[in-house]
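Per the numbering used here: the sequence shown = residues 589 to 707. For each residue, glycine too, the CB sits at the ideal point set by N, CA and C. Accompanying notes for the structure given below.
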Amino acid sequence: MKNKFLVDYYSEMKDYFLAGGKRIRPLLTIAAYNGITNTTEDKIVPPSVGIEFLHNATLIHDDIIDKDNFRRGKPAFHYKFAQYHSKYQFKKMNAADFGTSIGIIGGDTAFIVGAKAYF
């Protein structure tokens, strides 16, 4: 049996990373690598994507620190989980604290994925 929360969590992660943003960092990384090495090797693609994950991880944490509920015109990652809490009425934690907790975990998850792609 699938864990509904984990399915929703990773679905929100995917949506967050695919929603808006210029994604210029990976392109600049690839262009710089190609310019310096004078090659077009595919091995630069995972690290360049990793940089984008690391950047998005900082944005997730930044929204929590600044108490911003919106990013790129859409609900911030942590705010979506505050709304998720309100929908399912979890006990022993209020919606804002739940959203903050899951947001921190989400940012940490993005850091891990980014670091694994980079190294």
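- Excluding the 5 residues flanking it on each side, Val637 has same chain C-beta neighbours closer than 6 Å at Pro614, Ala705, in chain order.
- If the five residues before and after Ile632 are omitted, its C-beta is found closer than 6 Å to the C-beta atoms of Ile618, Tyr621, all from its own chain and listed in chain order.
- Taking Tyr597 as reference, the option from Gly691, Phe699, Phe707, Ala703 with the minimal CA-CA separation is Gly691.
- For Arg660, the three-state secondary structure derived from DSSP is coil.
- Under the three-state reduction of DSSP, Asn682 is assigned to coil, being neither helix nor strand.
- Linking Gly702 to Lys668 through their CA atoms gives a straight-line distance of about 22 Å.
- Arg659 and Pro634 have their C-alpha atoms roughly 25 Å apart.
- Between the stretch 694 to 701 and the stretch 643 to 655, the count of Cβ pairs shorter than 8 Å is three or higher; the stretches touch.
- For Lys592, same chain residues with a beta-carbon under 6 Å away, outside a window of 5 residues either side, do not exist.
- Within the same chain, Cβ atoms closer than 7 Å to the Cβ of Glu640 are found at Arg611, Arg613, Pro614, the five residues on either side in sequence being excluded.
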